[in-house]
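According to mature numbering (1 follows the signal peptide of the UniProt record, and there is no 0), the sequence shown holds residues -19 to -1, 1 to 177 in order. In what follows, a structure is listed as structure tokens, so that the remarks can point back to it.
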Amino acid sequence: MKSKLYWILILALALNLNAQESKFDIEANFPIAIGDNFLGDNHNGIIDLGINYRFLQKEILNLGVSANFGFFKNTKSGATDQNQLFDVKTIPIQPRLFAEFNIPNLEKLRPQVGIGYSILIFNADWADNRDDELPADIDDSEEGFNFNLGIAYDLSEKFFLQAQYDFVKIRVENGVPDISYNTNINILKFGIGYKL
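And the structure:
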């Protein structure tokens, strides 16, 4: 048991000493859906959590993979709006590859670009005044291409602030009009991160 504790302590110290060279970081963001689309018009962002791993770190460029998990809730509830039939929750899952740029003489500033795939999971629960003849609650998902731009600013060796923009182009199913309102999603994220 003492041996395990010893190695855990050594590992923790090694991670702390190499904070600038950290391969992992975690982030918490406030997401805001923007633009003329179904998510921006009908949902409020609650939280977005992410993890980043840099598998290649060079002087000018870092390459890595990341995953973000968000949570949005519709802006109207059945109890307050008689026209709203559902209470809708949307969960975006966004895995991606990213490139992070190290700018000489601006070491604290880290621009980033990424591409990936987004899955949007929708859970729609009927409002309180549900007609028993209507179908059960709806669970569905849509998916598509994700393009990401971001910038981070190091506050210290461990903490950083960041801003990100995600463009998501989802596919629509039969019967749903294939127009930008239904397929183009724009999300801004502002948050803080911690280097592990």
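Every residue gets a Cβ at the ideal spot worked out from N, C-alpha and C, and that includes glycine.
Contact check, residue i vs residue j, beta carbons under 8 angstroms
i: residue 170; j: residue 10; result: yes
i: residue 83; j: residue 142; result: no
i: residue 129; j: residue 95; result: yes
i: residue 127; j: residue 91; result: no
i: residue 32; j: residue 15; result: no
i: residue 75; j: residue 22; result: no
i: residue 151; j: residue 125; result: yes
Alpha-carbon to alpha-carbon, residue j and residue i
i: residue 98; j: residue 27; result: 21 angstroms
i: residue 49; j: residue 29; result: 7 angstroms
i: residue 68; j: residue 54; result: 8 angstroms
i: residue 167; j: residue 149; result: 6 angstroms
i: residue 121; j: residue 71; result: 10 angstroms
i: residue 47; j: residue 12; result: 16 angstroms
i: residue 85; j: residue 135; result: 14 angstroms
i: residue 165; j: residue 52; result: 18 angstroms
i: residue 174; j: residue 123; result: 28 angstroms
i: residue 163; j: residue 80; result: 29 angstroms
i: residue 176; j: residue 144; result: 16 angstroms
i: residue 159; j: residue 87; result: 43 angstroms
i: residue 35; j: residue 161; result: 34 angstroms
i: residue 106; j: residue 24; result: 15 angstroms
i: residue 139; j: residue 93; result: 18 angstroms
i: residue 45; j: residue 37; result: 7 angstroms
i: residue 89; j: residue 137; result: 9 angstroms
i: residue 153; j: residue 56; result: 22 angstroms
The beta strand (DSSP E) enclosing residue i, as first and last residue numbers
i: residue 47; result: 42 to 55
i: residue 88; result: Premise fails: residue 88 is in no beta strand (DSSP E) and is neither H nor E.
i: residue 142; result: 140 to 151
i: residue 16; result: No beta strand (DSSP E) contains residue 16, which DSSP labels as neither H nor E.
i: residue 177; result: Unbroken run through residue 177: none, as it is neither H nor E.
Where the alpha helix (DSSP H) containing residue i begins and where it ends
i: residue 159; result: Per DSSP, residue 159 belongs to no alpha helix (DSSP H) and is neither H nor E.
i: residue 22; result: 19 to 23
Closer than 8 angstroms to chain C by CB, residue i
i: residue 24; result: Any reference to chain C falls outside this structure, which holds one protein chain only.
The ligand NAD heavy atom lying under 7 angstroms from the CB of residue i
i: residue 81; result: You won't find the ligand NAD in this model; it holds no ligand whatsoever.
Coil, strand or helix - residue i by DSSP
i: residue 155; result: coil
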